[in-house]
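The opening residue of the sequence shown carries number 26 in the working numbering; numbering runs sequentially from there. Built from N, CA and C at the ideal position, the CB exists for glycine as well. Here the structure is a predicted model, which means the values were calculated and not measured.
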Amino acid sequence: MKLAAKLILIFMLGVLAIVSLFTWQTIRHQHARVQQQTQSHASDLVTALKPAIESAYRDGGTVTIQKAIEFSTQRLERTPMRWVDGREVPSVGNRLTSREISSVTITNKDGARVAYSYVPLKIDGADAGAVEVAQTMTEQDAQVRDSLLASIVSLLGVTLFSGAVIYCGGVQLVAKPLGKLIDQVNTIGDGKLAQPPAISSNDELGRLAGAISQMSHRLSEQQDAIRHTDRLGTVGTLAAGMAHELGTPLNVVSGRAGLIASGKLSSEEITSSAQTIKMEADRMTTIIRHLLDFARQAPSTRDTVDLNEITIQTCDLMEPLAKKSAVELKRILDDEPVYISGDPAQLQQVLTNLIVNAVQAMPDGGEVKITLEKRADQVRLGVADTGHGIPSEDLGRVFEPFFTTKDVGEGTGLGLSIAYGIVREHDGDIKVESDPGNQTRFVVTFPLIEQNDNGAMKAPQ
26 MKLAAKLILI FMLGVLAIVS LFTWQTIRHQ HARVQQQTQS HASDLVTALK
76 PAIESAYRDG GTVTIQKAIE FSTQRLERTP MRWVDGREVP SVGNRLTSRE
126 ISSVTITNKD GARVAYSYVP LKIDGADAGA VEVAQTMTEQ DAQVRDSLLA
176 SIVSLLGVTL FSGAVIYCGG VQLVAKPLGK LIDQVNTIGD GKLAQPPAIS
226 SNDELGRLAG AISQMSHRLS EQQDAIRHTD RLGTVGTLAA GMAHELGTPL
276 NVVSGRAGLI ASGKLSSEEI TSSAQTIKME ADRMTTIIRH LLDFARQAPS
326 TRDTVDLNEI TIQTCDLMEP LAKKSAVELK RILDDEPVYI SGDPAQLQQV
376 LTNLIVNAVQ AMPDGGEVKI TLEKRADQVR LGVADTGHGI PSEDLGRVFE
426 PFFTTKDVGE GTGLGLSIAY GIVREHDGDI KVESDPGNQT RFVVTFPLIE
476 QNDNGAMKAP Q
């Protein structure tokens with residue numbers, strides 16, 4: 026809207042300047058025309074009186090000329106005339122030496138403008154003087170005022186009409202399309218990628234909308250690739266913890282199998298050992314399946330999921346890594362299912378990144394508390410550690426890509442940034458609270474989906 030307003034202002038100033046220049050030129054030409062008409066009228070009068078003036082001049086001089094002028098113009102009440110001798114009226118003496126008509130306009134005490142035209146005369150080849158013709162400018166001034174008023178009205182009309190046209194065109198053709206593009210860019214900035222073109226016009230703005238749409242799809246593809254790469258990096262971290270976790274059941278399986286192979290066991294002992302082997306094998310299978318499920322790259326889907334169940338599964342997956350680092354995972358969850366709309370794999374990645382970050386923040390061991398609670402129409406997922414906290418000057422940067430306070434080789438700085446992007450895509454919010462020297466707590470908020478009495482899901486009112 027600001028761009029359209031600027032375009033309208035620039036255009037209106039241009040129109041105003043052009044119309045003002047045209048009006049000024051019109052009034053200037055009209056003034057010149059009025060002056061020319063006044064002088065022409067005076068010249069015509071003097072030409073008509075010239076024979077009488079010449080005769081009077083030869084007979085009696087100046088006095089006789091003035092009487093002849095007064096007698097000849099007694100019917101011209103609105104055009105008084107008099108003979109002017111340059112020696113008698115020094116102020117106009119310079120005009121009498123000119124062969125051309127000169128004029129001057131004076132405002133009298135009543136406020137009326139009077140034009141005095143001086144028509145020089147030569148009698149018997151000598152400059153005898155001039156005839157002063159006085160003409161009131163009432164009608165001429167009225168014409169000029171009417172012309173000025175008409176020009177002002179035209180100026181306002183053209184300005185208003187042009188402004189209205191440009192305003193409508195600016196709003197419809199510029200402001201609204203730009204507003205849609207800005208909203209779409211803000212939406213992409215909030216993490217909602219793969220957007221269709223906001224407008225479909227065949228002009229530059231339409232091509233810009235198409236380019237923004239293509240960019241959003243490419244960003245979506247790259248984001249999925251980055252997230253998968255981050256998951257694979259986390260898999261390597263988890264595998265180190267699982268290697269220790271799998272060692273115990275493998276030792277049990279190996280020992281029981283050796284006993285069975287020795288042939289010294291009774292049938293009951295063989296059956297018991299076989300059951301133990303199966304139980305430990307199932308345990309290892311579950312651990313490996315969780316790891317593979319987490320590492321698998323699956324298309325993003327939105328469904329109604331139980332955040333309680335996802336939290337339990339993720340904590341089970343993270344348990345080996347936590348034990349290896351002497352960290353206890355403490356879960357304080359809701360007794361009932363907590364339903365939200367989202368992608369299970371991405372939500373698990375968020376929680377995994379937060380737990381890995383918390384475990385790595387406590388190299389000497391500690392406790393990670395995972396809490397889940399409902400608040401009105403939202404659910405709050407908290408992950409708190411008992412580490413050394415985050416310096417206050419770094420709190421505002423923890424979600425920036427590649428920002429990390431860990432040593433080289435211990436992290437890429439993408440985990441929290443990816444978690445932030447996923448949370449925003451799920452219409453949620455993520456915040457960090459830290460008490461330097463004591464703990465750090467991440468709080469993730471998601472919109473809650475309620476369940477009707479008949480089991481159907483509904484959005485909160």
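For residue i: DSSP bridge partner residues
i           : result
residue 331 : 364
residue 130 : 140
residue 347 : Bridge partners of residue 347: none, in fact.
residue 487 : No statement about residue 487 is possible, as the shown extent of the chain runs from 26 to 486 and does not include it.
residue 159 : 141
residue 387 : Paired residues: none, contrary to the question.
residue 106 : 158
residue 353 : 392
residue 457 : 467
Pairwise C-alpha distance: residue j and residue i
i           : j           : result
residue 46  : residue 175 : 14 angstroms
residue 210 : residue 50  : 50 angstroms
residue 403 : residue 302 : 45 angstroms
residue 284 : residue 290 : 7 angstroms
residue 34  : residue 189 : 11 angstroms
residue 433 : residue 418 : Interpretation of residue 433 is limited by its pLDDT of 41, a score under 50 that renders its predicted location unreliable; the figure taken from the coordinates is listed afterwards. Each residue's Cα considered, the two are about 20 angstroms apart.
residue 361 : residue 456 : 25 angstroms
residue 78  : residue 108 : 9 angstroms
residue 366 : residue 474 : 7 angstroms
residue 277 : residue 309 : 12 angstroms
residue 214 : residue 232 : 20 angstroms
residue 156 : residue 84  : 18 angstroms
residue 137 : residue 199 : 54 angstroms
residue 68  : residue 132 : 22 angstroms
residue 388 : residue 405 : 27 angstroms
residue 355 : residue 460 : 20 angstroms
residue 65  : residue 125 : 11 angstroms
residue 450 : residue 218 : 8 angstroms
residue 58  : residue 165 : 10 angstroms
residue 245 : residue 422 : 23 angstroms
residue 379 : residue 441 : 7 angstroms
residue 327 : residue 390 : 36 angstroms
residue 40  : residue 141 : 39 angstroms
residue 395 : residue 202 : 46 angstroms
residue 161 : residue 135 : 12 angstroms
residue 351 : residue 424 : 27 angstroms
residue 281 : residue 300 : 10 angstroms
residue 159 : residue 106 : 6 angstroms
residue 383 : residue 227 : 52 angstroms
residue 357 : residue 243 : 40 angstroms
residue 197 : residue 191 : 10 angstroms
residue 19  : residue 330 : An answer regarding residue 19 cannot be provided, because it is not within the stretch 26 to 486 covered by the chain.
Cβ neighbour criterion (16 or more within 10 Å) applied to residue i
i           : result
residue 225 : exposed
residue 129 : exposed
residue 410 : buried
residue 177 : exposed
residue 119 : Any reading at residue 119 must be qualified, since the residue scores a pLDDT of 49, below 50, and its modelled position is unreliable; the value itself is stated next. So residue 119 ends up on the exposed side.
residue 63  : buried
residue 471 : buried
residue 398 : exposed
residue 76  : exposed
residue 334 : exposed
residue 286 : exposed
residue 346 : buried
For residue i, three-class secondary structure by DSSP
i           : result
residue 417 : helix
residue 424 : coil
residue 25  : Nothing can be reported for residue 25: it is not among the residues displayed for the chain, which extend from 26 to 486.
residue 79  : helix
residue 473 : coil
residue 306 : helix
residue 187 : helix
residue 38  : helix
residue 31  : helix
residue 450 : helix
residue 51  : helix
residue 173 : helix
residue 135 : coil
residue 125 : coil
residue 291 : coil
residue 359 : coil
residue 326 : coil
Scan the stretch 190–255 and note each continuous beta strand (DSSP E) run of 3 residues or more that stays entirely inside, going in chain order.
-> For secondary structure counted as the beta strand (DSSP E) over 3 or more consecutive residues, the stretch 190–255 holds no complete run.
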